[in-house]
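Here the numbering used here is used: the first residue of the sequence shown is 2, the next is one more, and so on. Ideal Cβ placement from N, Cα and C applies to all residues, glycine included. Structure first, then comments.
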Amino acid sequence: MIDFAAEGLLDDLEGEALTARLALLEQLERDGASVEELRDAVAAGRLALLPVERA
2 MIDFAAEGLL DDLEGEALTA RLALLEQLER DGASVEELRD AVAAGRLALL
52 PVERA
C-alpha cells in the first residue's frame with residue numbers, strides 16, 4: 002500500500018480537494034498504477050487524466 006502523504010502526493014491540499022485526490026489515488030493504486038506513475042502525473046498536472054491514459 003502506498004503512503005500517499007509520505008510520497009508528497011497530497012501536498013498543499015485540504016478539504017474537498019484532499020478528499021477527491023485521495024479517492025483518485027486509491028482507485029489508481031487498486032487499478033495497478035505504480036507510485037512512479039502517480040508521482041509523474043501529479044508533477045505534470047495530469048493526475049485526473051491518468052485513468053483515461055491507462056485505459
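Check, Outcome
"Could you check the C-alpha separation between residue 5 and residue 22 for me, to the nearest Å?", "10 Å"
"Using the C-alpha atoms, what's the distance from residue 31 back to residue 1?", "Nothing in the structure corresponds to residue 1, since the chain is present only between 2 and 56."
"Could you have a look at residue 47 and say whether DSSP puts it in helix, strand or coil?", "coil"
"Determine the direct distance from the alpha carbon of residue 44 to that of residue 37, and round the result to whole angstroms.", "10 Å"
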